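So in my numbering, spot 109 of the sequence shown is number 127, and the numbers just go up one at a time.
Think of the CB as a built atom: it goes at the ideal place given N, C-alpha and C, for glycine as much as any other residue.
On a predicted model such as this, the values are computed, not experimentally measured, just so you know.
Please read the structure below before turning to the comments.
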Amino acid sequence: MNKRIIKVVSLLAIAGIATSVWAKKKDKKTKQKVRTVHVAHTVTNVPYDFLNEKGEADGFEIAVLKAVDELLPQYEFKFHGVSDDELLIGIETGKYQVGTKGAWVTEERKKKFIIPNEPVGASVIGLAFRTSDAGVIHDIDSFAAYSGKLIPISPLSAQFALIQDYNKAHAEHPIDLVPSDVFDINDSYLWVLEGRYDAYLVLKLSYEKNVVNEQGPYHSFADKLSYVPYKGIPTWPLFNKSEAEFAAAYDEAVKTLKANGTIRNLSFKYFGQDVFEFVTD
């Protein structure tokens, strides 16, 4: 082999090595663009956020966020099942970039977290009341006109603000809004049946789990209680205050998932209905 051929072969080899190195650097650079974000979620909030039998993150809100992940190649979601307190503290401190727990918007949360424009889900809330009053109570308006005597609600809860908003819009027949010093009153259903109050504002899923379900702790009241939905309350993922760009990307992805029917299909899968049909402005 003459010197000229050897030189050409050497140059080609060098070029090949350079190309290979450049490709590896480019590949490495591309991989570096994929950012891992840590997503916290609660573990017993069925069917919103929970761990399934395999110990995997599952639930409606989890499924929505997994679909969001598929639309955002610049991010890779890693899910962490945690307690309520750890979730909130972890997002605020930056341990987790985002968290989901079936959360409603409150003024306190607005101060601590980024609340995106697009909700991740919705929870239907309504009134549990005596079946003997089913002839006069058909919805929240008829309840307000009938008596408006509602089980006391913690003023720190989103439920309290919900009824406050109702009363502002219906000054002619407001609901009797009594503040409670606790979030949950264990005897709420019993108090309704005893006649102390005429209705209990409660999530539809909670009513079904505790009263309708044959294994529920209050199933013995099932034939004495009735339920009417009031409205759907959007639930939101909570983002760390420094994650504005990530939250904006999430918003765009959710818009796509709404438009292509993914979120509606997931709602039917986990709730048996489209919970967003109950959400009104």
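- Beta-bridge partners assigned by DSSP to GLY144: VAL220, PRO247.
- The beta-carbon separation of TYR114 and HIS56, rounded to 5 Å, stays under the 8 Å limit for a contact.
- DSSP places TYR164 inside the alpha helix (DSSP H), whose first and last residues are 158 to 164.
- For the set ALA277, GLY213, GLY279, the Cα lying nearest the Cα of ALA146 is the one of GLY213.
- In the three-state DSSP reduction, GLU212 falls in the helix class (H, G or I).
- Taking C-beta atoms under 8 Å as the contact rule, PHE95 and ASP87 qualify, at a distance of about 4 Å.
- Contact between the segment 136 to 150 and the segment 231 to 238 is absent, with fewer than three C-beta pairs closer than 8 Å.
- Annotated three-state conformation of ILE171 is strand, per DSSP.
- According to the DSSP assignment, ASP102 belongs to the alpha helix (DSSP H) that extends over 102 to 111.
- Judged by DSSP secondary structure, THR54 falls within the beta strand (DSSP E) whose first and last residues are 53 to 59.
- Distances from the alpha-carbon of LEU195 to those of ASP183, ASN204, TRP209 put ASP183 closest.
- CA-CA distance, LEU211 to ILE169, rounds to 12 Å.
- With fewer than 16 neighbouring CB atoms inside 10 Å of its own CB, HIS156 falls in the exposed class.
- LYS119: not part of any alpha helix (DSSP H); member of the beta strand (DSSP E) spanning 116 to 121, first to last residue.
- Between GLU190 and ASN278, the alpha-carbon positions lie close to 42 Å from each other.
- Of the residues HIS59, ASP76, PHE68, the one whose Cα lies closest to the Cα of ILE109 is HIS59.
- Cα atoms of ALA266 and PRO134: separation of roughly 7 Å, rounded to the nearest angstrom.
- Non-local beta-carbon contacts of SER198 in its own chain, meaning distances under 7 Å to residues more than five positions away in sequence, involve PRO170, ILE171, SER172 in chain order.
- Collapsing the DSSP output to three states places TYR236 in coil.
- The alpha carbon of ASN63 has as its nearest neighbour, out of ALA75, LYS84, LEU90, THR149, the alpha carbon of ALA75.
- As computed with DSSP, THR62 is found in a beta bridge with PHE68.
- In this structure, GLU79 is the residue among TRP209, GLU79, ARG127 with its C-alpha nearest to the C-alpha of SER285.
- By the neighbour-count definition (other C-beta atoms within 10 Å, threshold 16), LEU256 is a buried residue.
- By the C-beta density criterion, ASN70 is exposed, having fewer than 16 other C-beta atoms within 10 angstroms.
- In this structure ALA217 is buried. Its beta-carbon is surrounded by 16 or more other beta-carbon atoms within 10 angstroms.
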